[in-house]
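Numbering (my numbering), first residue to last: 2 to 104.
Even for Gly, the Cβ is constructed at its ideal location relative to N, Cα and C.
As structure tokens, the structure follows; a few thoughts come after it.
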């Protein structure tokens, strides 16, 4: 009886692993649209959190501006708010690698 139970539990475990793997492996949609912020995806009152790794900031564009252009614009503007196309940065909080608020 114990052997039958052990075999059934093992088969259940193996089947669940393959079921989860099959579900997670198939991407049936384009990830590009998921990461786009536009006038139709952002609404009044929405809070948008954009997290970036320092190594990847050169690849990130918001509108036609790179992160470096945005930071330069914020500094030139004297701080926030800063208009980025249809969106606006207001009260942006910056965190370090340990998620401590940088003030």
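Open item on the list: Beta-carbon within less than 7 Å of residue 6's beta-carbon, same chain only, minus the 5 sequence neighbours each way: which residues are those?
Closed with: none
Task: Terminal residues of the alpha helix (DSSP H) in which residue 77 lies - done: 68 to 78
Task: Straight-line Cα distance separating residue 68 from residue 79 - done: 17 Å
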